[in-house]
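Chains as they are written, first to last, in the numbering used here: chain A, 1 to 214; chain B, 1 to 214.
Quick reminder that beta carbons are idealized off the backbone N, C-alpha and C, glycines included.
The structure displayed is predicted, hence computed values, not measured ones.
So the structure is just underneath, and the comments pick up after that.
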DNA sequence: CCATAATGGATAGCTCAACTATCCAAAAGA
DNA sequence: TCTTTTGGATAGTTGAGCTATCCATTATGG
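Encoded structure:
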């Protein structure tokens, strides 16, 4: 297909597609002439993937390029590569928060990891990220206590089991990484939205009053 | 204290504080002269709150202003106000995603809510949000099945119970709304980061190989 | 008490990300 | 043939989130 069709079928304006081509988010089409090119279903899929990661997942163009580079990497999908890819998907909008966690926060994360028997090294990216988030709670004047942390940890453990189960169902090995990225990034948004629904329900359950509030 | 001290104690540049004052994220200080004003601990707390919500929570300035307006609203903290405040904290980075969910996605959300016995009306904001996220999975070529949805729902139910428990511990009624906002917004980031750790652990648990990968 | 420095507020400017518009030569279609 | 469309290159636009400048006033040190 040509770019116009790619645009129509994906709902993305042609100039935006050209921009993605320039930025390396989308591979070039197959050249059929000096000023002509063809695009296939693969391009359409990739384009829809990019839109999902940016629009719903909230990733920046630069972040999308980074993870797609890994997804396209030719090396086999080993546990290491999977781990490295997931690790770099920091959910903080900017990603490069220069807020440094204090010693006390890092220590709490270390203790949590030990309590949960998590096999993650203290050098792992999300390890430091978690310390920073816990520090942010404290600085905002609303610290989280260890009980809540443990409860949250138990919840994400079951989430992670579902995540890994979903990946094991995938037979095409070259789709595993892409699926892991999509399910992790969009899954963050899904869990956040679902949490609002559950909060809403739990709040209604605890409130004795009539609640016909939309 | 004066603005210079407010800046130093919060780690925020003076021009940024002035910007927040203009944007209504921070109340004006108490005027002590035609070109002088005093700021108190309340301003410092509020400033740190703003930084946490933007830097770590990923909220836009406009979104922060909206939720702070509700936090500052003089009406008592009823269940309705709490629900309305939490409802409007859409986690999607932009918030105003114009991607429309299809009928099939909305129907799946309706069925999920029924299976879980959630007391949320179909007109609630997160209801439509969830349909949109599920649609995004499908369009990206990696649909979620109902089994995963149910498992995620069970996980967020326990998260929501922890959330509401934390709120019940708060005695100062005028702090409940602020705490709900902070715990919800920063909690999204915390859960996402913790999920990475749990994925990392679960992956290591399932992989027979040696994994000294950072 | 006077000179100097700092302050709060208003206004305008800057920077970056994410597009969007224009142009052009070549190719496609009528 | 001749009009339209295409892909690619280049430059321009928009909005968010700061940042810099200016000025009258106020604090402050000698």
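Cβ neighbours of residue 116 of chain B in the same chain (closer than 6 Å, five flanking residues each side left out): 153
Backbone CA spacing between residue 201 of chain B and residue 134 of chain B [nearest angstrom]: 26 Å
Rounded separation between residue 150 of chain A and residue 169 of chain A - CA only: 29 Å
Residue 12 of chain B in three-state terms, based on DSSP: coil
Local Cβ density within 10 Å of residue 74 of chain A, reported as buried at 16 or more and exposed below that: exposed
Sequence-distant residues of its chain with Cβ nearer than 8 Å to residue 28 of chain A (five each side left out): 21 and 37
Pick from A:123, A:181, A:125 and A:147 that is closest to residue 50 of chain A, judged by C-alpha positions: A:181
Euclidean distance between Cα positions of residue 148 of chain A and residue 61 of chain A: 34 Å
Residue-level contact to chain A via CB, residue 75 of chain B, 7 Å cutoff: no
With 16 other Cβ atoms within 10 Å as the buried cut-off, status of residue 126 of chain B: Residue environment for residue 126 of chain B: buried (at least 16 other C-beta atoms within 10 angstroms of its C-beta).
Under 7 Å by beta carbon: chain B residues contacting residue 163 of chain A: Close to residue 163 of chain A, with beta-carbon spacing below 7 Å, are these residues of chain B in chain order: 199.
Any chain A beta carbon closer than 7 Å to residue 64 of chain B: Not a single C-beta of chain A is nearer than 7 Å to the C-beta of residue 64 of chain B.
Entirely enclosed alpha helix (DSSP H) segments - the stretch 43–79 of chain B, minimum 4 residues: Qualifying alpha helix (DSSP H) stretches, in chain order: 61–71.
Counted within 10 angstroms of its Cβ, other Cβ atoms place residue 93 of chain A as buried (16 or more) or exposed: Any reading at residue 93 of chain A must be qualified, since the residue scores a pLDDT of 43, below 50, and its modelled position is unreliable; no value is offered.
Rounded C-alpha distance that separates residue 158 of chain A from residue 47 of chain B: Here the alpha carbon of residue 158 of chain A sits roughly 36 Å from the alpha carbon of residue 47 of chain B.
Alpha carbon of residue 137 of chain B to alpha carbon of residue 31 of chain B, nearest angstrom: 53 Å
Residue interval of the beta strand (DSSP E) (run including residue 37 of chain B): Unbroken beta strand (DSSP E) run through residue 37 of chain B: 36–38.
Residues near residue 176 of chain A in its chain [Cβ-Cβ closer than 8 Å; skip 5 each side]: The residues are 77, 82, 167 and 170.
Extent of the continuous beta strand (DSSP E) to which residue 33 of chain A belongs: In the DSSP assignment, residue 33 of chain A falls within the unbroken beta strand (DSSP E) covering 30–33.
Partners in chain A for residue 39 of chain B, counting only beta-carbon separations shorter than 8 Å: Correct list: empty, because the minimum Cβ distance to chain A is about 16 Å.
Nearest residue (CA-CA) to residue 107 of chain B, options B:184, B:146 and B:89: Selected option, being the one with the closest Cα: B:146.
Same chain only: Cβ atoms within 7 Å of residue 102 of chain B, ignoring 5 sequence neighbours per side: 135
Endpoints, the alpha helix (DSSP H) within which residue 179 of chain B is located: 173–206
Unbroken alpha helix (DSSP H) run spanning residue 167 of chain B, endpoints: Segment 146–168, the alpha helix (DSSP H) holding residue 167 of chain B.
Neighbouring residues, chain B, relative to residue 194 of chain A (Cβ below 7 Å): 130, 152, 153 and 156
Neighbouring residues, chain A, relative to residue 21 of chain B (Cβ below 7 Å): Ordered by position in chain A, no residue passes the 7 Å Cβ test against residue 21 of chain B, which lies about 19 Å from the chain.
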